[in-house]
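Novice:
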Amino acid sequence: GLAADAVLKPGETFRRAMATARGAAGMLEDINAEQIIDPIAAMASGLSRRLDHCSVPMQALRHARKELDATINDLVLTAVSGAVGRYHVHRGHHTEELRAMVPMSLRTNDERSTLGNRVGMLNIKLPIAESDPLRRLELIQGRTGAAKRDRRGALYPFLMRAMVLSPGFVFREFVRQMTTKVNLICTNIPGTPDLRYYSGQPVERIIPYAPIMERCPISVALLSYRDHLEVGIALDPEAIPDHDKFRLHLSDAFAEVLSLAGPPKRK
-15 GLAADAVLKP GETFRRAMAT ARGAAGMLED INAEQIIDPI AAMASGLSRR
35 LDHCSVPMQA LRHARKELDA TINDLVLTAV SGAVGRYHVH RGHHTEELRA
85 MVPMSLRTND ERSTLGNRVG MLNIKLPIAE SDPLRRLELI QGRTGAAKRD
135 RRGALYPFLM RAMVLSPGFV FREFVRQMTT KVNLICTNIP GTPDLRYYSG
185 QPVERIIPYA PIMERCPISV ALLSYRDHLE VGIALDPEAI PDHDKFRLHL
235 SDAFAEVLSL AGPPKRK
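Take the sequence shown: its letters are residues -15 to 251, numbered as in our numbering.
1) Thinking C-alpha only, which one of V86, L179 and D36 is nearest P225?
2) Three or more C-beta pairs closer than 8 Å, one from the segment 115 to 135 and one from the segment 166 to 174: is that the case here?
3) With distances taken Cα to Cα, identify the nearest neighbour of V259 among A223, L206 and D236.
4) Less than 8 Å between C-beta atoms, sequence neighbours within five positions excluded: which residues of the same chain meet that for A48?
5) Once the 5 residues before and after R34 are set aside, which same chain residues still bring their CB inside 6 Å of it?
6) Output the boundary residues of the alpha helix (DSSP H) element that contains S235.
7) Roughly how many angstroms lie between the CA atoms of K249 and M27, to the nearest whole one?
8) By how many angstroms is the C-alpha of I20 removed from the C-alpha of R253?
9) In whole angstroms, what separates the C-alpha of M85 from that of P111?
10) Would G175 and S203 qualify as a contact pair, given that the criterion is a beta-carbon distance under 7 Å?
11) Could you name the residues of the same chain whose beta carbon sits closer than 8 Å to that of L179, not counting the 5 residues immediately before and after it, in chain order?
12) Less than 7 Å between C-beta atoms, sequence neighbours within five positions excluded: which residues of the same chain meet that for R127?
13) Secondary structure at M197, three-state DSSP: helix, strand or coil?
14) Who are E81's beta bridge partners in DSSP?
15) Would you call the CB atoms of A67 and L234 closer than 7 Å?
16) Just the Cα atoms here: how many angstroms apart are S115 and G30?
17) One question on the structure: do K237 and A63 come within less than 7 Å of each other, judged by their Cβ atoms?
18) Tell me the residue span of the beta strand (DSSP E) that contains I217.
19) Find out if the Cβ-Cβ distance for the pair L82, I124 is shorter than 7 Å.
20) Measure the alpha-carbon distance for E51 versus A194 and round it to whole angstroms.
21) Among R119, A113, P117 and P87, which one has its Cα closest to the Cα of M105?
22) A131: buried (16+ other C-beta within 10 angstroms of its C-beta) or exposed?
23) To the nearest whole angstrom, what separates the beta carbons of T79 and A113, a pair I think is in contact under 8 Å?
24) Residues in the same chain with beta-carbon distance under 6 Å from Y71, minus the five sequence neighbours each way, listed in chain order, please.
25) Out of curiosity, what's the CA-to-CA distance linking T171 and I196?
26) Leaving out five residues on either side along the sequence, give the residues of the same chain with a beta carbon under 7 Å from the beta carbon of I191.
27) If you drop the 5 nearest sequence neighbours on each side, which residues of the same chain put their C-beta closer than 7 Å to that of M42?
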């Protein structure tokens, strides 16, 4: 099939090859990136987690998305960056940036109705020391935009399939290299605006939680349901003993980001 396309559709084949090359270069950049040491993660004990949550109005998020010409994901990462930065200051640490593992949907517009997941991974540097929320948003937009343009995240599923077929020690070393480059996890999942029922009873909230990974004391998962974006927070209790403080920082950071758009205009 590839050979036939190369003969019958040389232009399209060349564009695909160039896109794959750009994605491979971006992925290698992630793999070879210098590790960022998080002083809070040094106190992490293992895989135990304390769960918490908060919520954000979807109407305010949509308004901010429109007024700031930003994606919901970029607004989320801006708020998470602000909260993590404030918590580090609260603990007496000065850390300029941390890396977040951000799952990205690989579905095209014509694949929205098909079942199953197609997910890649982005490794995004979060400017947690930047106190200006608008500047923080601009930095994140530039970094997520660059990672999306080179489609590096799309190559991770193929790489993982190849790694599964490799010898065990190769696979373990690859996973170790990748996980040691990540400081936190942030995943945003689109849900449904419609009310759902379970055993005949209305489901008031659906609170998501991200997978747990060693040396990542902070995992934030978000799911839109009805008129709110529900935020599930999983924290290592040894690294972050005052989980309520982090939740307050996250709520304040979301309010700060939403305020950039100003109040909705009256019709």
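Note that the Cβ used here is the ideal one computed from N, Cα and C, for glycine as well.
Specialist: Reading off the structure:
1) Locating residue 225 in the sequence shown gives position 241, where the first residue counts as 1. Answer by Cα proximity: D36.
2) no
3) The structure shown does not extend to residue 259, since the chain spans only -15 to 251, so no value can be given for it.
4) Position 64 of the sequence shown, counting from 1, holds the residue named residue 48. The answer, listed in chain order, is A54, L59, V241, L242, L244 and A245.
5) Taking the sequence shown and counting its residues from 1, the one referred to as residue 34 is at position 50. Here the set comprises L219, P221 and H227.
6) Residue numbering aside, residue 235 sits at position 251 when the sequence shown is read from its first letter. Unbroken alpha helix (DSSP H) run through S235: H227 to S243.
7) Start at 1 with the first residue of the sequence shown, and residue 249 comes out as number 265. Start at 1 with the first residue of the sequence shown, and residue 27 comes out as number 43. Computed Cα separation, rounded: 47 Å.
8) One cannot answer for residue 253 here, as it falls past the ends of the chain, which runs -15 to 251.
9) Within the sequence shown, residue 85 is the residue found at index 101, counting from 1. Within the sequence shown, residue 111 is the residue found at index 127, counting from 1. M85 and P111: Cα-Cα distance of roughly 14 Å.
10) The residue given as residue 175 occupies position 191 in the sequence shown. The residue given as residue 203 occupies position 219 in the sequence shown. No, Cβ-Cβ distance for G175 and S203 is not below 7 Å.
11) Taking the sequence shown and counting its residues from 1, one reaches residue 179 at position 195. Result list for L179: P186, V187 and R210, in chain order.
12) Sequence index remark: in the sequence shown, residue 127 carries index 143 (1-based). Result list for R127: I108 and K109, in chain order.
13) Mapped onto the sequence shown, residue 197 falls at position 213. The answer is coil: DSSP assigns M197 none of H, G, I, E or B.
14) Counting from 1 along the sequence shown, the entry for residue 81 is found at position 97. In DSSP, E81 forms no bridge with anything.
15) Taking the first residue of the sequence shown as position 1, residue 67 is located at position 83. Taking the first residue of the sequence shown as position 1, residue 234 is located at position 250. Cβ distance < 7 Å, so A67 and L234 count as in contact.
16) Along the sequence shown, one-based indexing puts residue 115 at 131. Along the sequence shown, one-based indexing puts residue 30 at 46. Each residue's alpha carbon lies about 31 Å from the other.
17) The residue you call residue 237 lines up with position 253 of the sequence shown. The residue you call residue 63 lines up with position 79 of the sequence shown. Reading off the sequence shown, one finds Ala at residue 237, where the question assumed Lys. Contact flag set, yes.
18) Taking the sequence shown and counting its residues from 1, one reaches residue 217 at position 233. From DSSP, the beta strand (DSSP E) with I217 extends over H212 to L219.
19) Within the sequence shown, numbered from 1, the residue matching residue 82 stands at position 98. Within the sequence shown, numbered from 1, the residue matching residue 124 stands at position 140. No. Outside cutoff.
20) Stepping through the sequence shown from its first residue, residue 51 is reached at position 67. Stepping through the sequence shown from its first residue, residue 194 is reached at position 210. Rounded to whole angstroms, E51 to A194 spans 29 Å at the Cα level.
21) Along the sequence shown, read from residue 1 onward, the residue named residue 105 stands at position 121. Taking only the C-alpha atoms, the option nearest M105 is P87.
22) As a working note, residue 131 is residue 147 in the sequence shown. Buried.
23) One-based indexing of the sequence shown puts residue 79 at position 95. One-based indexing of the sequence shown puts residue 113 at position 129. Contact flag correct, Cβ pair sits at about 7 Å.
24) Counted from its first residue, the sequence shown places residue 71 at position 87. F230 and H233, listed in sequence order.
25) If you number the sequence shown from 1, residue 171 lands on position 187. If you number the sequence shown from 1, residue 196 lands on position 212. For T171 and I196, the distance between alpha carbons rounds to 12 Å.
26) Indexing the sequence shown from 1 puts residue 191 at position 207. Excluding sequence neighbours, I191 sits near H37, E214 and G216.
27) Residue mapping note: residue 42 aligns to position 58 of the sequence shown, counting from 1. Taken in chain order, the residues that qualify are S208, D211, H212 and L213.
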